[in-house]
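Everything on this sheet refers to the single structure shown next.
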Amino acid sequence: MSRTIFFEVEILDSRTKQQLCFLDKVEPHSTIGDIKSLFHKSYPKWYPSRQALKLDPKGKALRDDDILQSLPVGTTATMYFRDLGPQLGWTMVFLAEYMGPLLIYLLFYFRVPYIYTHKYAFTASPYPVVSLACACHSFHYIKRLIETIFVHRFSHGTMPLRTIVRNCAYYWGFAAWLAYYINHPLYTPPSYGEIQVNYSLLVFILCEAGNFSIHLTLNNLRGEGHKTRKFPSPTKNPFTWLFFFVSCPNYTYEVGAWVSFSIMTQCVPVALFAFLGFIQMTIWAKGKHRTYNREFKDYPNLRMPILPFIL
Amino acid sequence: MSAPAMGTTRTAQSDASQKKKKGPGALATAYLVIYNVVMTAGWLVIAVGLVRAYLARGSYHGLYYSIEKPLKFFQTGALLEILHCAVGIVPSSVVLTGFQVMSRVFLTWAVTHSVREVQSEDSVLLFVAAWTVTEIIRYSFYTFSLLNHLPYLIKWARYTFFIVLYPMGVTGELLTIYAALPYVQKTGLYSVTLPNKYNFSFDYHTFLILTMISYIPLFPQLYFHMLRQRKKVLGHVEEYTKVE
Numbered sequence: 001m002s003r004t005i006f007f008e009v010e011i012l013d014s015r016t017k018q019q020l021c022f023l024d025k026v027e028p029h030s031t032i033g034d035i036k037s038l039f040h041k042s043y044p045k046w047y048p049s050r051q052a053l054k055l056d057p058k059g060k061a062l063r064d065d066d067i068l069q070s071l072p073v074g075t076t077a078t079m080y081f082r083d084l085g086p087q088l089g090w091t092m093v094f095l096a097e098y099m100g101p102l103l104i105y106l107l108f109y110f111r112v113p114y115i116y117t118h119k120y121a122f123t124a125s126p127y128p129v130v131s132l133a134c135a136c137h138s139f140h141y142i143k144r145l146i147e148t149i150f151v152h153r154f155s156h157g158t159m160p161l162r163t164i165v166r167n168c169a170y171y172w173g174f175a176a177w178l179a180y181y182i183n184h185p186l187y188t189p190p191s192y193g194e195i196q197v198n199y200s201l202l203v204f205i206l207c208e209a210g211n212f213s214i215h216l217t218l219n220n221l222r223g224e225g226h227k228t229r230k231f232p233s234p235t236k237n238p239f240t241w242l243f244f245f246v247s248c249p250n251y252t253y254e255v256g257a258w259v260s261f262s263i264m265t266q267c268v269p270v271a272l273f274a275f276l277g278f279i280q281m282t283i284w285a286k287g288k289h290r291t292y293n294r295e296f297k298d299y300p301n302l303r304m305p306i307l308p309f310i311l
Numbered sequence: 001m002s003a004p005a006m007g008t009t010r011t012a013q014s015d016a017s018q019k020k021k022k023g024p025g026a027l028a029t030a031y032l033v034i035y036n037v038v039m040t041a042g043w044l045v046i047a048v049g050l051v052r053a054y055l056a057r058g059s060y061h062g063l064y065y066s067i068e069k070p071l072k073f074f075q076t077g078a079l080l081e082i083l084h085c086a087v088g089i090v091p092s093s094v095v096l097t098g099f100q101v102m103s104r105v106f107l108t109w110a111v112t113h114s115v116r117e118v119q120s121e122d123s124v125l126l127f128v129a130a131w132t133v134t135e136i137i138r139y140s141f142y143t144f145s146l147l148n149h150l151p152y153l154i155k156w157a158r159y160t161f162f163i164v165l166y167p168m169g170v171t172g173e174l175l176t177i178y179a180a181l182p183y184v185q186k187t188g189l190y191s192v193t194l195p196n197k198y199n200f201s202f203d204y205h206t207f208l209i210l211t212m213i214s215y216i217p218l219f220p221q222l223y224f225h226m227l228r229q230r231k232k233v234l235g236h237v238e239e240y241t242k243v244e
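Listed in order, the protein sequences are those of chains A and B.
Reading the first sequence from the start, the letters are residues 1 to 311 in full-length UniProt numbering.
Reading the second sequence from the start, the letters are residues 1 to 244 in full-length UniProt numbering.
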């Protein structure tokens, strides 16, 4: 006869220290995720992804896959709960963030009434670059939507609602701002004419293809299971050869796409958007680069986070 | 994460905060003391200048001109404080400090200096007076703190005077920006119109209006933050008795 020692878990509010829930007869090999599900039963409005459980009210949140018996607790565990607020799954997050710019740009392209002066409503720009810009911008976001649905596999599950609202405000606002100028009746086409447009269009397409290739490569890496963790490496696809020089070529290509788009349209707001994106992506790339270096002893020295040899 | 990990997290945190308290080295501390003393002196010069000009003229009107140069010099000098945070010798947020200093510099140069017609407005005196008193207290507060010899009076003043000075300064600032609006619109100051080859436009008049609107969410947040700080700093004697 084997005796399983059951655990008891009491969950307190991390701020008021009031007891919210007492769970008894908890299996020792339960995960934090299991406990969150049990807690959810008593408090239906706090679904698991909204819960942060910690052993110390000011400490870090426990991971969902942490096992109860491996935690530094006696057979009665005290955990502190914090409400993370409404959460949205990653897929929904990206759909919201990307549908906005896609549709908003089109409103400006078709010169929907009340945006520009009345006489320009529903008119078209005489410049081919303006239609080209619409095609590129739309392609960029459609590609992102397709990747979100079919390619990316997301970790961590969710994002808090407040962050989503803030991100959407940023993406949607900027899309509106740059679309306003490109599709404006007083838009001035690029100074160097067709050469400028065509070359930057070529670079744009190459960067979009590059970015997509990297996403596919990263996706395949994930698919190979969690047993052997490998860092991303160049494959037969020439676009992935950027991995020789950078840790996050997807960001490199993304910056390249936006820079070429700003040259193609010769529009300062687009350049500003590219610049701000570059700053954010550099921060992310540096973080990722550090993680790779820490995790893999044989990580190639030649690689920089985002710009070959430079940054 | 096992028990030792939790323990180490705690000590790691206190280590980190201890490291922060050790903070600036001797050289940095000496520099900061000099900086704060100079700034205190500078704003005292402005204060004295205002008082003398008032006594000489017998009215509050047009006192800006008597302290225009030191005001510009010392308020612009505050930009160094952003550098102090960035380098790490001052444990404040670069973003927060940057925001505060830039808003002051903006008002000094991009509004008051740029739009001559508002310089004789009384609202200018309102915010200059508020800034002067605030900065004298603030910089002497930092000076004494660095020397580990902070008189309670200064600490009290720093966390109490703002209750009146902050709204006073904000009122002066808003009235001044508002006064500048018609002139900016008439002259098209700092504005860029379409068409141009960079496909960019900027309407300074609209920008100033948006700036005024931004005070609505920002001012209460900062004000209540200071009130909370006041409770924490000045109310600490009571807090010790509250701790179990």
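C-beta: ideal position from N, C-alpha, C; glycine also.
This one's a predicted model, so the numbers in the text were calculated from it and none came from an experiment.
Coil, strand or helix - residue i by DSSP
i                : result
Ala86 (chain B)  : helix
Asp34 (chain A)  : helix
Leu55 (chain A)  : coil
Gly89 (chain A)  : strand
Phe212 (chain A) : helix
Cys21 (chain A)  : strand
Val26 (chain A)  : strand
Leu12 (chain A)  : strand
Phe7 (chain A)   : strand
Tyr116 (chain A) : coil
Lys21 (chain B)  : Confidence is the limiting factor: at Lys21 (chain B) the pLDDT is only 48, short of 50, which leaves the residue's position unreliable, though a coordinate-based value still follows. If DSSP states are grouped into helix, strand and coil, Lys21 (chain B) belongs with the helices.
Cys168 (chain A) : helix
Pro234 (chain A) : coil
Ile177 (chain B) : helix
Asp83 (chain A)  : strand
Phe73 (chain B)  : helix
Val192 (chain B) : strand
Pro128 (chain A) : helix
Thr240 (chain A) : helix
Check whether residue i and residue j have beta carbons under 8 angstroms apart
i                     : j                : result
residue 264 (chain B) : Thr176 (chain B) : With chain B running from 1 to 244 in the structure shown, residue 264 (chain B) is simply not present.
His205 (chain B)      : Val184 (chain B) : yes
Thr252 (chain A)      : Leu218 (chain A) : no
Val246 (chain A)      : Pro300 (chain A) : no
Asn198 (chain A)      : Asn250 (chain A) : no
Leu150 (chain B)      : Leu32 (chain B)  : no
Val128 (chain B)      : Tyr64 (chain B)  : yes
Ile163 (chain B)      : Ile137 (chain B) : no
Ala52 (chain A)       : Arg82 (chain A)  : yes
Leu68 (chain A)       : Ser42 (chain A)  : no
Val151 (chain A)      : Leu216 (chain A) : yes
Cβ neighbours of residue i in the same chain (closer than 6 angstroms, five flanking residues each side left out)
i                     : result
residue 289 (chain B) : No information on residue 289 (chain B) is available, as it lies outside the stretch 1 to 244 that chain B covers here.
Ala28 (chain B)       : Ile89
Ile214 (chain A)      : Pro249, Asn250
Asp298 (chain A)      : none
Ser120 (chain B)      : Gly62
Val129 (chain A)      : Pro189, Val197
Gly98 (chain B)       : Ile82
Residues of its chain near residue i, where Cβ-Cβ distance is below 7 angstroms and the 5 sequence neighbours each way are ignored
i                : result
Pro185 (chain A) : Tyr116, Tyr120
Asp203 (chain B) : Ser191
Cys134 (chain A) : Tyr105, Tyr109
Leu208 (chain B) : Ile177, Ala180, Leu181, Val184
Phe231 (chain A) : Tyr292, Phe296, Tyr299
Val93 (chain A)  : Met159, Ile164
Leu311 (chain A) : Thr282, Met304, Pro305
Glu194 (chain A) : none
Exposure of residue i, with buried meaning 16 or more beta-carbon neighbours within 10 Å
i                : result
Lys21 (chain B)  : Because Lys21 (chain B) sits at a pLDDT of 48, beneath the cut-off of 50, its placement in the model cannot be relied upon, and the following sentence gives the value as read from the coordinates. Exposed, because fewer than 16 other Cβ atoms sit within 10 Å of the Cβ of Lys21 (chain B).
Ile146 (chain A) : exposed
Glu97 (chain A)  : buried
Asn237 (chain A) : exposed
Arg303 (chain A) : buried
Pro190 (chain A) : buried
Arg63 (chain A)  : exposed
Phe244 (chain A) : exposed
Gln229 (chain B) : exposed
Lys186 (chain B) : exposed
Own chain, CB closer than 8 angstroms to residue i, minus 5 neighbours either side, in chain order
i                : result
Val118 (chain B) : Val111, Thr112, Val124, Thr176, Ala179, Ala180, Tyr183
Within-8 angstroms CB hit, residue i to chain E
i                : result
Tyr299 (chain A) : Here the protein chains are A and B, and chain E is not one of them.
Cβ pair count under 8 angstroms reaching 3, the region 260–270 of chain A against the region 278–294 of chain A | no
Quick one: any contact between the region 94–114 of chain B and the region 69–78 of chain B, if contact means 3 or more CB pairs under 8 angstroms?
-> yes
So, do the region 79–90 of chain A and the region 46–55 of chain A have three or more beta carbon pairs nearer to each other than 8 angstroms?
-> yes
Is the region 176–192 of chain A touching the region 103–115 of chain A, taking contact as three or more C-beta pairs under 8 angstroms?
-> yes
Taking 8 angstroms as the threshold, find out whether the region 193–200 of chain B comes into contact with the region 208–226 of chain B through three or more Cβ pairs.
-> no
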